[in-house]
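Heads up, the thing below is written out as structure tokens.
In this note's numbering, the protein residues as written are 47 to 296.
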């Protein structure tokens with residue numbers, strides 16, 4: 047059983063639209079349709095879709111898709127809080143599949159450049175070498191604004207540092223986090239309770255989960271398997287125009 051959590055609760059105010067960001071049209075289709083297609087390509091069978099801002103609009107746009115289960119985030123308290131809303135559903139799915147390790151993909155619904163081959167690569171690697179968490183990363187020429195992947199002298203993943211918290215030396219790191227995760231379902235349910243809002247925004251971040259798992263002696267790995275097209279984030283109309291151009295030429 048392959049399960050995914052799709053983060054689709056945000057407003058996306060920088061897109062200069064009242065639409066939920068995940069419904070922003072990309073080449074005539076809602077933005078969220080692209081990560082949904084990628085997850086299905088990779089063989090994901092159940093997709094827990096977290097909705098919040100204008101939740102009914104998102105539900106209506108995605109109505110009739112039998113592999114979707116909607117989870118409501120009533121308060122916007124960060125990505126970690128959003129994923130925590132899925133714990134009852136995850137525990138129910140685990141109970142339906144007793145005695146099995148189960149991978150859970152966690153990705154953002156506002157990722158129109160997500161590739162199904164990348165998700166498939168991550169799931170294949172996790173199934174061959176199960177661990178508490180597997181991150182998909184990418185190396186970019188200009189990592190400005192992105193969280194850097196930290197590794198020890200042997201190349202093992204040890205954490206993520208956000209740019210605002212990074213040292214000058216860490217800012218030179220070209221490998222970055224693009225929020226592609228595969229968690230062990232049981233480990234994910236447990237670690238979500240350890241997240242704290244110790245940041246300026248007072249929010250719970252899923253990016254804190256890998257380091258907490260490592261502190262508990264769990265195995266966390268990071269693989270630079272993302273395709274170059276996946277390095278582009280879409281947060282503004284200008285970035286949206288670039289993403290559409292890239293999709294047309296891909």
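All C-beta atoms, glycine included, are put in the ideal place defined by N, C-alpha and C.
Being a predicted model, the structure only gives us computed values, none of them experimental.
Within the stretch 259-295, the complete beta strand (DSSP E) runs of at least 3 residues fall at 266-269. Residue environment analysis places residue 189 among the buried positions, since at least 16 neighbouring C-beta atoms fall within 10 angstroms of its C-beta.
In this structure, residue 77 lies near residue 156, with their beta-carbon atoms less than 8 angstroms apart. The three-state reading of DSSP puts residue 177 in coil, since its state is none of H, G, I, E or B. Membership of residue 125 in the alpha helix (DSSP H) is indicated by the continuous run 125-130. Only residues of its own chain outside the window of five on either side were considered, and among them 91, 92 and 93 have a CB closer than 7 angstroms to the CB of residue 113, listed in chain order. For the stretch 49-97, the continuous alpha helix (DSSP H) assignments of 4+ residues that do not extend past its boundaries occur at 79-87, in sequence order. Residue burial is scored here from C-beta neighbours: residue 124 has at least 16 other C-beta atoms within 10 angstroms and is therefore classed as buried.
Note: residue 223 is bridge-paired with 183 in the DSSP secondary-structure output.
For the pair of segments examined, the stretch 156-168 was found not to touch the stretch 120-135: the number of CB pairs separated by less than 8 angstroms stays below three. For residue 135, the closest alpha carbon among the candidates 117, 122 and 259 is that of 117.
Judged by DSSP secondary structure, residue 115 falls within the beta strand (DSSP E) whose first and last residues are 114-118. Excluding its 5 nearest sequence neighbours in each direction, residue 60 has C-beta neighbours in its own chain below 6 angstroms: 281 and 282, listed in chain order. C-alpha of residue 52 to C-alpha of residue 151: approximately 8 angstroms in a straight line. The shortest C-alpha to C-alpha distance from residue 58 to any of 291, 290, 294 and 286 is the one to 286.
For a cut-off of 8 angstroms, the C-beta gap from residue 233 to residue 268 is around 16 angstroms, too long to register as a contact. With contacts defined by Cβ atoms closer than 8 angstroms, residue 47 and residue 173 do not form a contacting pair.
Residue 278 and residue 225 do not touch by the CB rule: their CB atoms are close to 13 angstroms apart, not below 8 angstroms. A straight line joining the alpha-carbon of residue 65 with that of residue 56 spans about 10 angstroms.
Straight across, the Cα-Cα distance linking residue 247 with residue 241 is about 14 angstroms.
Counting every other CB atom within 10 Å of its CB across the protein chains shown gives residue 262 a total below 16, marking it as exposed.
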